[in-house]
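Shown next, in structure tokens, is the structure this report addresses.
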Amino acid sequence: MAALAYNLGKREINHYFSVRSAKVLALVAVLLLAVCHLASRRYRGNDSCEYLLSSGRFLGEKVWQPHSCMMHKYKISEAKNCLVDKHIAFIGDSRIRQLFYSFVKIINPQFKEEGNKHENIPFEDKIASVKVDFLWHPEVNGSMKQCIKVWTEDSVAKPHVIVAGAATWSIKIHNGSNEALSQYKMNITSIAPLLEKLAKTSDVYWVLQDPVYEDLLSENRKMITNEKIDAYNEAAVSILNSSTRNSKSHVKVFSVSKLIAQETIMESLDGLHLPESSRETSAMILMNVYCNKILKPVDGSCCQPRPPLTLIQKLAACFFTLSIVGYLIFYIIHRNAHRKNKPCTDLESGEEKKNIINPPVSPLEIFLQSFCKLGLIMAYFYMCDRANLFMKENKFYTHSTFFIPIIYILVLGVFYNENTKETKVLNREQTDEWKGWMQLVILIYHISGASTFLPVYMHIRVLVAAYLFQTGYGHFSYFWVKGDFGIHRVCQGAFEKIFSLWPLSKCFELKGNVYEWWFRWRLDRYVVFHGMLFAFIYLALQKRQILSEGKGEPLFSSKISNFLLFISVVSFLTYSIWASSCKNKAQCNELHPSVSVVQILAFILIRNIPGYARSVYSSFFAWFGKISLELFICQYHIWLAADTRGILVLIPGNPMLNIIVSTFIFVCVAHEISQITNDLAQIIIPKDNSSLLKRLACIAAFFCGLLILSSIQDKSRH
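When you line the sequence shown up against the working numbering, it's residues -6 to 711, in that order.
Printed below as a string of structure tokens:
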């Protein structure tokens, strides 16, 4: 009765909400979201640097998330590469000095905070030709003005970056008087034109004053209140923004440090100066503002302009546009022809004339329709991955963001189960199920940022290796090639030279670097031998009729089945405990290729020895398994960001709703791409061998043409 009610309910749901209706809903959602983001950028501006300098939030301890973009964490080598032959000047009070120290430590972590605090502090890296100076000017007065005025003279080499700010000393020395605030406004007014002049050739930042923790302030600093600081900040912003009459001010206001300080000032030692973690965040923001447009890191979307359209992208846009226009013309002609051939009713007899059988859909119509859909999907890919229309944010791992979705899909996978059409070992339904749950786990692993969680990482590697086992015996030729390449590890240098040659370097964008291939090979270098051995043993047992693969029957005799099940469960648990307790990633990666076969073989036996387990499969996981390749590829472009380092943000301010909506669209797109490729495969790949060879030659010539055009464009850029 329960099964009957379930099936009836399933039919009822499918009647009102099918995959087709889900895709229509996803299309409507994309259009609405695109319009909303366009309107928002038109209203708020399209400069991600402004967002980086003015807004953001903490995802967790020491993890700062700018609004709408991703911040890159610069390494020493990257910082030196960006700042080579550059001069950066910090001018202001003790808070600016703190920022100076944190900035310099990105370049040289060994630089110590020592010396007289009330004097200038120089830093120079002669190897990288980087010069960073701190100039002690605790008040906005004539002394600071004179220092800035010198840089405006044409005969003096001005800094490439100027970071200035001061106010707390003025509040302290003048005991928070209103006269001091008035004088501060006058001084800022006189300095603003000089800063504006410098900002035309240099990057100039005015750092607003951070709040204080009044309870921790010493007696001689009690007059420095947050109310006074806000008044000084308001004066600085209003004057700097109005320093140019007919255009926008070139001086950039660094106000984001206030938001950072609001969350961390309680950790201050004296109530005035920020803790080191906050200073490091502000310094890294400055590094992103200046260096992202120079180095263009993959995971640093802040302050990066939209990349120009390439020749290949323009040609692809033209091709898909022509496909859409062609399909619309074909559809209109076909519809008019269908109306003319529509049967009419005999008015005298009241009977309808004999129905005319609809002609079969032509391959041309399928071809145009497929590329029409693919063109719309590629437009969405471009909006998400290249056009910077939608926002991107960094990931932040918590146990709940990983394990709650895992438990949720596990429950759904167990709930939606059906009987298999065949009960052989690793039957098609079972392999689709495996691909499905492994792909879902990998997706959750990526979006939750679980790469920092080592035991999970090790289990993911097991899952990937398990996938290689169950893809079918026809794929062993691929594994053999992979294994054969792996045997020649001493020839890594030769492979780097090979992959440096055109067209391989252009096609795969390797630029001579085979690190990714090398890393993957080391993790799975024995999988080919394990797979062939498993296939040989399985076929030998099947030939000798030792296996019982009937419905509901155990795979072996009762004693052997029970023994193998016991060994498998023990092996599975033992390996899981080892993987969970492994703390050294390098050591785990080294042992994984040799011992992972234990976990995989144990799971195969547990899943296939009992007849009842082999006779059912999870239709939920199998559905995702059929589109696992599309899910794996699409995640990099329309679900995640920056090669899985970030997350695509369609709905800002609501992470949970954003994940639900973006995942729904992502799955619908992957399913549609799967259907499109199946339709195109039937047209492009004929059964006749001679026709197949001709079409393959045409496709190869087409891609060679694209590579040549792309290479010509690259040369024209350089």
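Where is the CB? At the ideal position from N, CA and C, for every residue including glycine.
Check, Outcome
"With a threshold of 8 Å, are at least 3 pairs of Cβ atoms found where one atom belongs to the region 79 to 97 and the other to the region 124 to 141?", "yes"
"Among 391, 626, 360, 662, which has the Cα closest to the Cα of residue 16?", "662"
"Below 8 Å, how does it come out for the region 207 to 227 and the region 95 to 109: are there three or more Cβ pairs, yes or no?", "no"
"Residue 641 and residue 634 - do their beta-carbons sit closer together than 7 Å?", "yes"
"Using CA coordinates, which residue listed in 667, 657, 251 is at the minimum distance from residue 621?", "667"
"In its own chain, which residues sit with a C-beta less than 6 Å from the C-beta of residue 340, not counting the 5 before and 5 after it?", "Caution is warranted here: a pLDDT of 46 is assigned to residue 340, below 50, making its placement in the model unreliable, and no coordinate value can be reported."
"Return yes when the C-beta of residue 378 is under 6 Å from any heavy atom of the ligand GDP, and no when it is not.", "Summarising the ligand content, the structure contains no ligands, and the ligand GDP is consequently not present."
"Taking three-plus beta-carbon pairs below 8 Å as touching, is the region 413 to 429 in contact with the region 48 to 58?", "no"
"Does the distance from the C-beta atom of residue 629 to that of residue 422 stay below 7 Å?", "no"
"When we look at the beta-carbon of residue 573 and count the other beta-carbons within 10 Å, is it buried (16 or more) or exposed?", "exposed"
"Using the Cα positions of residue 235 and residue 242, report the straight-line distance between them to the nearest angstrom.", "7 Å"
"Cβ of residue 374 within 7 Å of Cβ of residue 553?", "no"
"Is residue 734 helix, strand or coil when you go by DSSP?", "Nothing can be reported for residue 734: it is not among the residues displayed for the chain, which extend from -6 to 711."
"Determine the extent of the alpha helix (DSSP H) in which residue 255 is found, giving its start and end residues.", "249 to 257"
"Hey, could you find the ends of the alpha helix (DSSP H) residue 378 is sitting in?", "356 to 378"
"So, residue 64 versus residue 296, is the Cβ gap smaller than 7 Å?", "no"
"Check whether the region 273 to 286 and the region 72 to 81 are in contact - that is, three or more C-beta pairs closer than 8 Å.", "yes"
"For residue 226, count neighbouring Cβ atoms within 10 angstroms of its own Cβ and tell me buried if that reaches 16, exposed if not.", "buried"
"Could you please give the first and the last residue of the uninterrupted alpha helix (DSSP H) stretch that includes residue 652?", "648 to 677"
"Which complete alpha helix (DSSP H) runs does the region 144 to 210 hold, if anything under 4 residues is left out?", "161 to 166, 171 to 192"
"Judging by CA-CA distance, which residue of 547, 204, 575, 175 is the nearest neighbour of residue 606?", "547"
"Give the secondary structure of residue 56 by DSSP, where H, G and I count as helix, E and B as strand, and everything else as coil.", "strand"
"With DSSP as the reference, label residue 322 as helix, strand or coil.", "helix"
"Helix, strand or coil for residue 586? Go by DSSP, reduced to three states.", "helix"
"So what does DSSP say about residue 574, is it helix, strand or coil?", "helix"
"Between the C-alpha atoms of residue 702 and residue 305, what's the straight-line distance to the nearest angstrom?", "7 Å"
"With distance defined between alpha-carbon atoms, name the residue in 623, 141, 589 nearest to residue 515.", "589"
"On the three-state DSSP scale, how would you describe residue 452?", "Residue confidence for residue 452 is low, a pLDDT of 48 falling below 50, so the modelled location carries little weight and cannot support an answer."
"So does the region 673 to 692 actually touch the region 17 to 33, counting three or more Cβ pairs closer than 8 Å?", "no"
"Between the alpha carbons of residue 383 and residue 591, how many angstroms are there, rounded?", "44 Å"
"Which residue comes first and which comes last in the alpha helix (DSSP H) that contains residue 381?", "Looking at the DSSP string, residue 381 is not in any alpha helix (DSSP H), and its letter there is neither H nor E."
"Which partner residues of residue 115 appear in the DSSP bridge assignment?", "126"
"Is it the case that the region 579 to 588 contacts the region 391 to 403, given that we only count it when at least three CB pairs across the two stretches are under 8 Å?", "no"
"Could you please give the first and the last residue of the uninterrupted beta strand (DSSP E) stretch that includes residue 293?", "Premise fails: residue 293 is in no beta strand (DSSP E) and is neither H nor E."
"Could you tell me if residue 274 is buried or exposed, where buried requires 16 or more neighbouring beta carbons within 10 angstroms of its beta carbon?", "buried"
"The beta strand (DSSP E) that contains residue 82, what's its start and end?", "79 to 85"
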